[in-house]
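Peer 1:
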Amino acid sequence: MDHSPATEPAPVLNFIEQIIEEHNLSGKYGGRVHTRFPPEPNGYLHIGHAKSICLNYGLAEKYHGKFNLRFDDTNPVTEDTEYVDAIREDVQWLGARWDDREFYASNYFDQLYAAAVQLIKNGKAYVDDSTAEQIAEMKGTPTKAGIDSPYRNRSIAENLSLFEQMKNGDFEEGTCTLRARIDMASPNMHLRDPIIYRIKKAHHHRTGDQWCIYPMYDFAHGISDSIEGITHSICTLEFEVHRPLYDWILAELGNYQPQQIEFARLNLNYTVMSKRYLKRLVTEGYVKGWDDPRMPTVCGLRRRGYTAEAIREFARRVGVAKRENVIDLSLLEFCVREHLNKTAPRVMAVLDPLLLTISNYPENHTEWLAAENNPESPESGTRQLPFSQTLYIERDDFMENPPKKYFRLYPGGMVRLKNAYIIRCDEVLKDASGKVIELRCSYIPESKSGEDTSGISVKGTIHWVSVAHALSAELRAYDRLFKDEDPMAKDNFLDSLNPDSLTVSKIWVEPSLSNTQAGDRFQFIRKGYYCTDQDSQPGQLVFNQTVGLKDSWAKETNKR
RNA sequence: UGACCGAUGGUGUAACGGUAGCACUGCAGAUUUUGGUUCUGCCUGUCCAGGUUCGAAUCCUGGUCGGUCAACCA
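Heads up, the first sequence is in our numbering, so the first residue is 93 and it goes up one at a time.
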């Protein structure tokens, strides 16, 4: 038998880490790791971007490398500083740090232009006067080779002069483009003389009206990576077929060459994950904005009460691979619960009140009871809770004809009021329609929480608030935005919208919440995790439901 | 009728020629002044067919299925 000391469990590396470690071993990048997150500022970041940020930043951190934030702003007609600001805030909030390395593809417009000129001089690029339709026509199809443009063999001098005229604004938009001269018969469509510069007489949010030609993604991206000394240029799977072009451009230019690596983007069931569709939800008013708590955007999740820690943990748990995947929403929820369970202070809130009067408790008397702030972290201390004769309890914590295993209140039954006394339900009062409107109970004076000498043990503990002391508040409860696991499988994803994704109600919360600030997170005991919304004000409190607690009783009742 | 990529429980992800493991979900139980947490146990998997090998999730061949590619978007 081998009794050698237990070996460390082999660290589990994802395939990108394996590539990096191979590079570190071979010395390909001199042991350097430098990643980047390259958003286009034309929309808000979503949880899929968060995965990418965590991946890129996490790799830089793990290998003691660097991480750049680079805005891929090569299309001035769709981009805006509003998005730049929002993206910067989200990346920062997620915990990624880019120090002074905040870059813009537009910073490189001069270098990009020079690179294009060099390509022309090398006979590797030409100005094409064909229309967009003609170019598409000559491009062929995935199964049919393309044909050469009639402008493909212009002289270098002519191309140089034409390209300069393009830059000078001598031509109208759409009249010509600069194309890389590669291979119109390539099985890879992206190598069939891709357009690398086009004319756009648009105002750019950073360079203003300085340029009227703008580089295309394929041309700008690799060169930007190269300029910044990126080692591992990580992107999603659909760019796999772009990699030969990425490599071709840098090789033709003789420039430093990062390694592009593609991984499978994150998909979540019951949600859509494309900027285009998220934008429609916002602009067409199906949600209240990019930060609507039902949105899978980073700002939406933040407003919903998700923590950056939870999102990072989620990104870690979903893993990195090349296989298409759909992650269960339950994993995301698990990650927030896990973090909030450890960190969120417990408070009592009654969401659907039922009046309860304690007949044998002195009228107009207030007793202050100590309540633990968080049993998961004793150092979080205790607070004082007002108790009195008249309380609200949760309506579904009472049943007139309880099923087996129901251990809340019922006529003649006993429960403990959390942090207070054990009570017995003596009488049920109803209105004319038969609806229960009040419970008359008696309490056991010796059963006070923490000093119970009654000897009575009860199965159930329920939460409550004192009517005279409770604060009313608005609750915004959320359900999934879409009814179907894959809304995109519908002809129109809007048909899948869940009409009940938002429920607003009036609730009662304990008075310690009077000064809560936007972003504060709580566990409403026995209910779920909630956070104070930015719309909240003293006297007009507003809470968002982040996620419910696991509810095994609900499962039990559903089985019936 | 092309090229490229991929395929391991319900969902993800490991195992790198040597006992298919982990997490989420689900189920059962213990503990509990939250039907929460925590703890324990259980269910469920290598796309198919050949081949190489003492031995294949892993290597080879051929299928099947899924994804991507024909924007002057990124």
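Cβ atoms here follow ideal geometry from the backbone N, Cα and C, with glycine treated the same way.
For the alpha helix (DSSP H) that Gly150 lies in, which residues bound it at each end?
Peer 2: Unbroken alpha helix (DSSP H) run through Gly150: Ile139 to Lys154.
Peer 1: CA-CA distance, Val390 and Ile139?
Peer 2: Answer to the nearest angstrom: the Cα atoms are 6 Å apart.
Peer 1: When you compare each of Gln352, Val601 and Asp587 to Trp340 by their alpha carbons, which one comes out closest?
Peer 2: It is Gln352.
Peer 1: Are there three or more Cβ pairs, one per stretch, closer than 8 Å when the stretch 403 to 412 is compared with the stretch 441 to 448?
Peer 2: No: fewer than three Cβ pairs fall under 8 Å.
Peer 1: Using a 10 Å radius around the Cβ and a threshold of 16 neighbouring Cβ atoms, would you call Phe107 buried or exposed?
Peer 2: Label assigned to Phe107: exposed.
Peer 1: Give a yes or no on whether the C-beta atoms belonging to Ile617 and Trp556 are separated by under 7 Å.
Peer 2: Not in contact: Ile617 and Trp556 (Cβ atoms no closer than 7 Å).
Peer 1: Starting from Asp384, trace the alpha helix (DSSP H) in both directions and tell me its first and last residue.
Peer 2: Careful: Asp384 lies outside any alpha helix (DSSP H) and carries neither H nor E.
Peer 1: Give me, in chain order, the residues of the same chain whose beta-carbon lies closer than 8 Å to that of Gln203; leave out the 5 immediate sequence neighbours on both sides.
Peer 2: Contacts found: Ile315 and Ile319.
Peer 1: Using the Cα positions of Ser561 and Ile403, report the straight-line distance between them to the nearest angstrom.
Peer 2: Correcting the residue type first, residue 561 is His in the shown sequence and not Ser. So the two alpha carbons sit approximately 36 Å from each other.
Peer 1: Helix, strand or coil: how does DSSP classify Arg273 here?
Peer 2: DSSP places Arg273 in coil when its eight states are reduced to three.
Peer 1: What is the DSSP secondary structure of Val439, reduced to helix, strand or coil?
Peer 2: The answer is strand: DSSP assigns Val439 an E or B state.
Peer 1: DSSP beta-bridge partners for Ala217?
Peer 2: Answer is Ala272.
Peer 1: Please report the straight-line C-alpha distance between Leu337 and Gly397, rounded to a whole angstrom.
Peer 2: Roughly 42 Å between the two C-alpha positions.
Peer 1: Please state whether DSSP places Arg516 in a helix, a strand or coil.
Peer 2: DSSP places Arg516 in strand when its eight states are reduced to three.
Peer 1: Can you tell me where the beta strand (DSSP E) with Pro445 in it begins and where it stops?
Peer 2: Unbroken beta strand (DSSP E) run through Pro445: Pro445 to Ile450.
Peer 1: Assuming Thr92 and Pro388 form a contact by the criterion Cβ under 8 Å, report the distance between their Cβ atoms to the nearest whole angstrom.
Peer 2: Any question about residue 92 goes unanswered here, given that the chain covers just 93 to 652.
Peer 1: Buried or exposed: which applies to Gly526, given that a residue is buried once 16 or more other Cβ atoms fall within 10 Å of its Cβ?
Peer 2: The residue is exposed, with fewer than 16 neighbouring Cβ atoms inside 10 Å.
Peer 1: Would Pro478 pass as a contact of Thr449 if the rule is Cβ separation under 7 Å?
Peer 2: The answer is no: Cβ separation not under 7 Å.
Peer 1: Roughly how many angstroms separate the alpha carbons of Lys77 and Gly620, rounded to a whole number?
Peer 2: No answer is possible for residue 77: it lies beyond the span of the chain, which begins at 93 and ends at 652.
Peer 1: Measuring alpha carbon to alpha carbon, tell me which of Phe201, Tyr155, Ser480 and Asp192 ends up nearest Asp164.
Peer 2: Of Phe201, Tyr155, Ser480 and Asp192, the residue nearest in Cα terms is Phe201.
Peer 1: Based on Cα-Cα distance, which residue from Pro454, Ser597, Asn245 and Phe574 lies nearest to Leu589?
Peer 2: Closest by alpha carbon: Phe574.
Peer 1: Only counting the same chain, and skipping five residues up and downstream in sequence, which positions put a Cβ closer than 7 Å to that of His334?
Peer 2: Result list for His334: His282 and Asp310, in chain order.
Peer 1: In the DSSP assignment, find the unbroken beta strand (DSSP E) run with His324 in it and report its ends.
Peer 2: His324 -> beta strand (DSSP E) spans His324 to Thr328.
Peer 1: Pick from Pro537, Ser606, Asp592 and Val528: whose alpha carbon is nearest that of Asp564?
Peer 2: Note on residue identity: the sequence assigns Ser, not Asp, to residue 564. The shortest C-alpha separation from Ser564 is found at Ser606.
Peer 1: Run through the DSSP bridge pairs and tell me what Thr653 is partnered with.
Peer 2: Within the shown structure, residues of the chain are numbered from 93 to 652, placing residue 653 beyond reach of any answer.
Peer 1: Give a yes or no on contact between the stretch 121 to 133 and the stretch 151 to 167, applying the rule of three or more CB pairs nearer than 8 Å.
Peer 2: Flag = yes, the stretch 121 to 133 and the stretch 151 to 167 touch.
Peer 1: Beta-carbon separation of Tyr136 and Ala178 under 7 Å?
Peer 2: It is a contact, given that the beta carbons lie within the stated cut-off.
Peer 1: Whose C-beta lies closer than 6 Å to the C-beta of Leu252 among residues of the same chain, with five residues either side of it excluded?
Peer 2: The residues are Ile212.
Peer 1: Can you tell me whether Leu345 is buried or exposed, with buried defined as 16 or more other CB within 10 angstroms of its CB?
Peer 2: Looking at its Cβ environment, which holds 16 or more other Cβ atoms inside 10 Å, Leu345 is buried.
Peer 1: On the criterion of 16 or more Cβ atoms from any shown chain inside 10 Å, does Ile548 qualify as buried, or is it exposed?
Peer 2: Classification for Ile548: exposed.
Peer 1: Could you give the DSSP three-state label for Thr127: helix, strand or coil?
Peer 2: Three-state DSSP puts Thr127 in a strand.
Peer 1: Ordered along the chain, which non-local residues of its own chain (more than five positions away) have a Cβ less than 7 Å from that of Pro131?
Peer 2: If we look at Pro131 and ignore the five residues flanking it on each side, its Cβ neighbours are Leu137, His141, Phe163, Asp164 and Ile179.
Peer 1: Taking DSSP's pairing of strands, which residues face Tyr535 in a bridge?
Peer 2: DSSP output for Tyr535 lists Ile515 as bridge partner(s).
Peer 1: For the beta strand (DSSP E) holding Glu464, just list the boundary residues, first then last.
Peer 2: Start and end: Glu459 to Glu464.
Peer 1: Look at the alpha carbon of Arg244 and the alpha carbon of Ser222, and state the distance between them as a whole number of angstroms.
Peer 2: One C-alpha to the other measures close to 10 Å.
Peer 1: Looking at the unbroken alpha helix (DSSP H) that takes in Gln226, where does it start and where does it end?
Peer 2: It spans Ala224 to Met230 - the alpha helix (DSSP H) in which Gln226 sits, taken as one unbroken run.
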